[in-house]
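Quick note, the sequence shown lines up with residues 337 to 565 if you use our numbering.
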Amino acid sequence: MSFDRSIKIAPSILASDFANFGAECAAVEAQGADWIHVDVMDGHFVPNITFGAATCAAIRPHIKGIMDVHLMISPVDAYIEDFANAGADFITAHVEAGPHIHRTLQAIRATGAKAGVALNPGTPAEAVEHLLDLTDLVCVMTVNPGFGGQKFIDMSAKIKTLRNMIGDRPVHIEIDGGVDPKTAPIVAGAGADVLVAGSAVFKGGSVSDPAPYGTNIRAIREAANGVYV
Ligand code: DX5
Ligand code: ZN
Numbered sequence: 337m338s339f340d341r342s343i344k345i346a347p348s349i350l351a352s353d354f355a356n357f358g359a360e361c362a363a364v365e366a367q368g369a370d371w372i373h374v375d376v377m378d379g380h381f382v383p384n385i386t387f388g389a390a391t392c393a394a395i396r397p398h399i400k401g402i403m404d405v406h407l408m409i410s411p412v413d414a415y416i417e418d419f420a421n422a423g424a425d426f427i428t429a430h431v432e433a434g435p436h437i438h439r440t441l442q443a444i445r446a447t448g449a450k451a452g453v454a455l456n457p458g459t460p461a462e463a464v465e466h467l468l469d470l471t472d473l474v475c476v477m478t479v480n481p482g483f484g485g486q487k488f489i490d491m492s493a494k495i496k497t498l499r500n501m502i503g504d505r506p507v508h509i510e511i512d513g514g515v516d517p518k519t520a521p522i523v524a525g526a527g528a529d530v531l532v533a534g535s536a537v538f539k540g541g542s543v544s545d546p547a548p549y550g551t552n553i554r555a556i557r558e559a560a561n562g563v564y565v
């Protein structure tokens with residue numbers, strides 16, 4: 337997996353048909369998705385429950401590219417091995433999920449997976465300052481985690497601070513929450529390269545009518561790249 341800062345669109349399957357994850361992943365990939373974003377929620381760290389490592393393992397064979405697993409769970413460490421064995425390429429844990437995020441990132445990397453660290457809207461960029469050599473991705477939440485379809489919270493200042501802090505390190509900046517063609521240019525302009533989008537990708541389409549997924553992905557990508565259609 338080579339590193340680059342081009343815009344990558346990562347549809348979140350939280351907004352897809354839960355009875356059809358495999359086909360939904362294949363459909364969005366065929367329609368131009370770069371990564372597949374998988375939201376794991378425990379009803380404890382966030383006020384919602386989705387699914388765990390067994391579901392990730394079941395989804396994996398249906399994804400040709402990157403499986404990007406976002407853990408909204410606490411504690412994290414006891415489950416890292418399970419998500420790595422499920423075939424996650426990136427495993428992202430929240431800095432707020434426990435007192436030992438440094439150890440968590442070491443443990444993720446020890447499995448061979450890429451390590452991500454996520455920041456809630458209320459958490460400053462400085463929280464990851466001493467973690468940047470241990471991480472492959474910083475996820476800036478632009479909603480409070482737990483639900484899809486929420487209103488975008490502008491975190492441009494935090495993204496710019498992170499972009500400067502990261503410098504030449506091969507660390508992605510991912511944005512998660514409320515990304516659509518209107519908000520994509522804001523976050524891309526501030527320095528983000530991975531744009532997670534749930535509702536804005538899956539709206540209007542289905543496994544039997546996937547063309548709208550492609551239209552939606554292109555609209556976000558073109559907006560982020562500064563091409564307005
Ligand atoms: C929120 C999740 C997001 C969510 C984004 O807790 O981490 O990935 O699915 O959904 P939209 O794009 O609908 O805001
Ligand atoms: Zn997410």
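The beta carbon of each residue, even a glycine, is placed where N, CA and C say it ideally should be. None of these values were measured; they are calculated from a predicted model.
At least one heavy atom of the ligand ZN falls within 7 Å of the beta-carbon of Val532. Contact residues of the ligand ZN (beta-carbon closer than 5 Å to any heavy atom; chain order) are Asp375, His406 and Asp512.
Straight across, the Cα-Cα distance linking Val374 with Ser492 is about 24 Å.
Rounded to whole angstroms, the separation of the alpha carbons of Ala420 and Gly448 is 8 Å.
Nearest to Gly379 by C-alpha distance, out of Glu365, Ala390, Pro411 and Ala369, is Pro411.
A distance of 8 Å or more separates the beta carbons of Ile427 and Ile402.
For Pro521, the three-state secondary structure derived from DSSP is helix. Look at Gln442: its beta carbon is at least 7 Å from all of the heavy atoms in the ligand DX5.
The beta carbon of Val507 lies closer than 7 Å to those of Leu468, Thr471, Asp472, Leu473 and Val474 in the same chain, with the five residues before and after it left out. When Gln486, Ala355, Asp370 and Pro397 are compared, the shortest CA-CA separation from Thr519 is found for Gln486.
By DSSP's assignment, Ala451 forms a beta bridge with Ile427. Contact check for Ile489 against Pro457 passes: the beta carbons are separated by less than 8 Å. For Gly541, same chain residues with a beta-carbon under 6 Å away, outside a window of 5 residues either side, are Pro548 and Tyr549 in chain order. Taken in chain order, the complete alpha helix (DSSP H) segments of 4 or more residues contained in the region 356-390 are 357-366. By the neighbour-count criterion, in which a residue is buried when 16 or more other Cβ atoms sit within 10 angstroms of its Cβ, Gly562 is exposed. If you draw a straight line from the Cα of Glu417 to the Cα of Arg445, it is about 11 Å long. Looking at Thr391, Val382 and Ala369, the one whose alpha-carbon comes closest to that of Phe354 is Thr391. Note: Ile553 is not bridge-paired with any residue in the DSSP secondary-structure output. Under the criterion of beta carbons closer than 8 Å, Pro546 and Ala433 do not qualify as touching, at roughly 34 Å.
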